[in-house]
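Counting in the working numbering, the sequence shown runs from 219 upward without gaps.
Ideal placement from N, C-alpha and C gives every residue a C-beta, glycine not left out.
Bear in mind that the values here come from a model prediction, so they are computed numbers and not experimental data.
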Amino acid sequence: MLVETMIAAVLALAPADIGADPGLTEQVLTELNRARADPQGYADELRTYRDGFDGLVVYSPESPDGIMTREGIAAVDDAIAFLDRQPALGPLEGSPVLARGAGALVADQATSTRVGHLTLTGLDPSARMRLHGGNIYVGEVISYGPPDPRSVVRQLIVDDGVARRGHRSLVFSLQYQFAGVECGSHARYGAMCVIDLAATPDGSPKLPGSPPQMAALSDGQ
């Protein structure tokens, strides 16, 4: 069965005078799994974050100088409503193969002002995955700007300025059980994180007869 590759990019309007923390990669995966495990708790955190808005500018402990958003509190309210009804999910397991595919884009854009899912030579997520030993059935999300794990994941979940909230949908998709995360510097936005997601450790399709994917967790599990 073919699995559709879903990709989308998000641009953060953040200062470009900061680089990525070398430890950010592992911390981002931990933060993603924290949000998946407790969506309602994460919604409560967004309610606190919401209080930091002054028009389209939001102030937070991670960004005390303020970040310009496109939608203001509207995107945050949309995320809160989504999380309030989202069942808890099992954790994404780290995958070295997926991380290599993600890392290829980070390396490609490190000294560039380019953004998006294509490398300078035109490699998309599926092509990068094949080049680094994986298969083509992957989803990819990219964060530009935030230099800390909480801001990276919050950017993906709030999905400010992205009409279909594609990043949020991928982060909370039951289809994906594995993730490869790679973060680094970006010449324009200071920091970037690429997250490649798949149903299997190497981006191969989930075959008929394979063990079922992890279902949503009920309260108390």
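Limits of the unbroken beta strand (DSSP E) element including residue i
i	result
Ser403	Phe396 to His404
Ala381	Note, Ala381: premise wrong, no beta strand (DSSP E); not H, not E.
Asp414	Gly408 to Ala416
Ser361	Gly357 to Tyr362
Beta-carbon proximity list for residue i, same chain, < 6 Å, skipping 5 on both sides
i	result
Asn353	Asp420, Gly421 and Ser422
Tyr260	Ala253 and Leu301
Ala328	Gly402 and Ser403
Residue i versus residue j: straight-line alpha-carbon distance, rounded
i	j	result
Asp342	Ile360	13 Å
Leu247	Asp272	30 Å
Glu358	Ile291	26 Å
His404	Arg386	23 Å
Arg332	Ala299	33 Å
Pro425	Glu289	Checking the sequence shown, residue 425 turns out to be Leu, not Pro. Computed Cα separation, rounded: 40 Å.
Leu415	Leu310	9 Å
Glu244	Val399	7 Å
Cys401	Leu316	13 Å
Val376	Pro365	17 Å
Val275	Arg268	11 Å
Met286	Ala322	29 Å
Gly312	Phe396	6 Å
Ala320	Leu336	11 Å
Host alpha helix (DSSP H) of residue i (start-end)
i	result
Val324	Pro314 to Gln327
Ser369	Pro367 to Val376
Asp256	Counting along the chain, Asp256 falls outside any alpha helix (DSSP H), and DSSP gives it neither H nor E.
Residue-chain proximity (residue i, chain C), Cβ-Cβ < 8 Å
i	result
Leu264	Here there is only one protein chain, and chain C is not present.
Contacting residues, own chain, Cβ-Cβ under 8 Å from residue i (five flanking each side not counted)
i	result
Pro338	Note that residue 338 is Leu in the sequence shown, not Pro. Asp326, Ser330 and Arg332.
Tyr394	Leu310, Gly357, Leu388, Leu415, Ala416 and Ala417
Asp295	Arg268
Glu249	Pro367, Arg368, Val370 and Val371
Cβ-based neighbour list, residue i, same chain, cut-off 7 Å, excluding 5 preceding and 5 following
i	result
Gln258	Leu301 and Asp302
Would you say the segment 367-383 touches the segment 247-260, given that touching needs at least three Cβ pairs under 8 Å? yes
Any alpha helix (DSSP H) of 4 or more consecutive residues that is wholly inside the segment 243-312: 257-268 and 291-303
Uninterrupted alpha helix (DSSP H) stretches inside the segment 333-357 (no shorter than 4 residues): 343-349
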